[in-house]
Each structure stands twice: as C-alpha cells, then as structure tokens.
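**Student:** Would you mind keeping the following structure in view while I ask a few things?
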C-alpha cells in the first residue's frame with residue numbers, strides 16, 4: 001500500500017485507518033473494501049424527484065412559508081426537470097384564491113409560477129398592511145369618540161354636583177329680612193284693613209302652646225303676636 005495514502009485522509013477516516021490491526025490490510029483492494037464497509041452508511045443519499053411529492057401545503061400554512069419550503073426541498077434534488085417541479089407544485093397547493101389565480105395565469109414553467117406566487121404574496125401583504133392601517137385608524141377614532149363622551153359625561157356630572165352644592169348652600173344660607181321699626185302688634189294693627197293681608201282661619205282646636213299668650217294674627221292662644229312665626 002502506498003505509504004503516502006494515509007496522509008490524504010483526515011478526521012474520522014484517518015482515525016479509523018490508524019486504528020486498524022497491523023497486517024490486516026495487504027492490498028489497496030482490501031483497503032477499499034474495508035473503507036466502503038466502514039463508511040457506506042455515512043454516504044449522503046441522493047434525493048429523487050418523488051421526494052418532492054411528499055410536500056403539501058398545510059391548511060393554515062401561508063403561501064410565503066410553503067413556497068420557501070418547496071423551493072428549499074427542490075434544490076436538494078439534482079437534475080430535477082422543470083416540468084415535473086411545476087406539476088408537483090400545482091398538486092401540492094391548497095385550493096383557494098391563489099390556486100384559482102395561478103391557474104388563470106397559466107404558467108408554463110416553475111420559474112413563471114414562482115414569479116406569480118411572489119407577486120401575489122407581495123400584493124396580499126400590502127393589502128393586509130393597508131387594512132391594518134385602516135383598522136388602527138378606526139380604532140383610534142372610536143377611542144377618541146369614547147374619550148370625548150366620557151369627558152362630556154364627567155363635565156355634566158361635575159356641573160350637576162356643583163348645582164346641587166349651590167342649592168344646598170342657598171338653602172342653608174339664613175334668610176335676612178329688613179328689620180321692623182315697630183312691634184309686630186302695632187304693624188299688624190296698621191295694616192289690618194289692607195286687602196293684601198290675608199287672615200288665617202282660627203284653629204279649630206286652639207289647645208297647645210302657652211295659653212296665657214294670644215296672637216292677634218291667628219286670633220288664638222298658644223303664642224304671642226311678637227313670637228308668631230308666620231309674621
């Protein structure tokens with residue numbers, strides 16, 4: 001065996017060769033047989049066109065994701081005929097808007113079909129972005145309207161509370177009358193004949209209060225004219 005051959009090996013192959021028993025290899029043919037036996041399982045198996053038929057677009061898989069997966073798998077198959085690639089691609093697609101659109105375009109090669117797919121993806125993504133922008137604008141308008149309604153409701157509530165407080169303060173505020181320059185008894189005697197003075201009916205049951213006092217206005221006992229709460 002050529003003494004320089006081991007120098008051409010590296011990694012696992014060199015480790016394997018140096019680990020062999022002495023005198024176990026007599027000819028280069030023996031070396032080739034042993035080498036193939038050792039590393040045959042490590043040889044990369046070349047994929048065949050039928051491997052591509054196992055790829056199907058998922059029900060919820062995006063066109064962008066499926067196209068990338070299909071192209072990546074197709075690149076691993078050497079000498080793949082374009083016509084086969086196109087037919088497998090059409091067969092793998094989910095039925096729907098894009099499939100109908102692609103059939104209408106009638107691509108003659110996979111390159112044409114891929115170009116149609118990428119243009120369709122770009123258009124769909126641009127449309128989605130536009131729709132998202134519109135929805136965001138609508139959401140902002142709804143939020144603004146809601147905020148204005150809440151602000152208006154809050155202002156109305158504040159005004160109502162302020163009005164209630166003002167009324168309460170007005171009710172609590174003591175009523176001040178112009179002081180009389182004479183006794184109530186004398187004033188009553190002076191205006192007793194006036195039409196604007198309305199005399200109350202005498203009470204049916206005059207009992208109660210201090211009966212030693214008499215009110216000229218009510219014409220009954222129980223309180224004095226000076227202490228009458230009506231005058």
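In UniProt numbering, the protein residues as written are 1 to 231.
Beta carbons are placed, not taken as given, at the ideal position from N, Cα and C, and that holds for glycine.
Fair warning: this is a prediction, and the values are worked out from it, not measured in the lab.
1) Tell me the DSSP bridge mates of residue 239?
2) Go ahead and pull the three-state DSSP assignment for residue 75.
3) If we call anything under 8 Å between Cβ atoms a contact, is residue 116 one with residue 105?
4) Helix, strand or coil, according to DSSP, for residue 161 in the structure here?
5) Along the chain, where does the alpha helix (DSSP H) that runs through residue 83 open and close?
6) Pick helix, strand or coil for residue 169, following the three-state DSSP scheme.
7) Using the beta-carbon count (16 or more within 10 Å), is residue 57 buried or exposed?
8) Mapping DSSP to helix, strand and coil, what is residue 105?
9) Does residue 218 pass the burial test, meaning 16 or more other C-beta atoms within 10 Å, or should it be called exposed?
10) Report all residues from its chain with a CB closer than 8 Å to the CB of residue 208; omit the five preceding and five following residues, and keep chain order.
11) If you measure between the beta carbons of residue 150 and residue 184, is that distance less than 8 Å?
12) Note the first and the last residue of the continuous alpha helix (DSSP H) segment covering residue 184.
13) Assuming residue 77 and residue 49 form a contact by the criterion Cβ under 8 Å, report the distance between their Cβ atoms to the nearest whole angstrom.
14) Exposed or buried, which one is residue 138 when buried takes at least 16 other CB atoms within 10 Å?
**Tutor:** From the atom records:
1) The chain is shown from 1 up to 231; residue 239 falls before or after that span and cannot be answered.
2) In the chain shown, residue 75 corresponds to position 75, counting from 1. In the structure shown, residue 75 sits in coil (DSSP, three-state: anything other than H, G, I, E or B).
3) For this step, residue 116 is matched to residue 116 along the chain shown. For this step, residue 105 is matched to residue 105 along the chain shown. It is a contact, given that the beta carbons lie within the stated cut-off.
4) Here residue 161 refers to the residue found at position 161 of the chain shown. The answer is helix: DSSP assigns residue 161 an H, G or I state.
5) To locate residue 83, count along the chain shown from 1; it is residue 83. Counting along the chain, the alpha helix (DSSP H) containing residue 83 begins and ends at 82 to 92.
6) Within the chain shown, numbered from 1, the residue matching residue 169 stands at position 169. Residue 169 falls in the helix class under three-state DSSP.
7) Counted from its first residue, the chain shown places residue 57 at position 57. With 16 or more other Cβ atoms within 10 Å, it is buried.
8) As a working mapping, residue 105 is identified with position 105 in the chain shown. Looking at residue 105 - three-state DSSP - the assignment turns out to be helix.
9) If you number the chain shown from 1, residue 218 lands on position 218. Burial call: buried.
10) One-based indexing of the chain shown puts residue 208 at position 208. Closer than 8 Å at the Cβ level, and outside the excluded window around residue 208, lie 222.
11) Taking the chain shown and counting its residues from 1, one reaches residue 150 at position 150. Taking the chain shown and counting its residues from 1, one reaches residue 184 at position 184. No; because the gap between Cβ atoms is not below 8 Å, this pair is not in contact.
12) Position 184 of the chain shown, counting from 1, holds the residue named residue 184. From DSSP, the alpha helix (DSSP H) with residue 184 extends over 184 to 191.
13) Reading the chain shown from its first residue, position 77 is the one you call residue 77. Reading the chain shown from its first residue, position 49 is the one you call residue 49. Indeed, because the Cβ distance is near 6 Å, the residues count as touching under 8 Å.
14) The sequence position of residue 138 within the chain shown is 138, counting from 1. When all chains shown are included, residue 138 counts as exposed.
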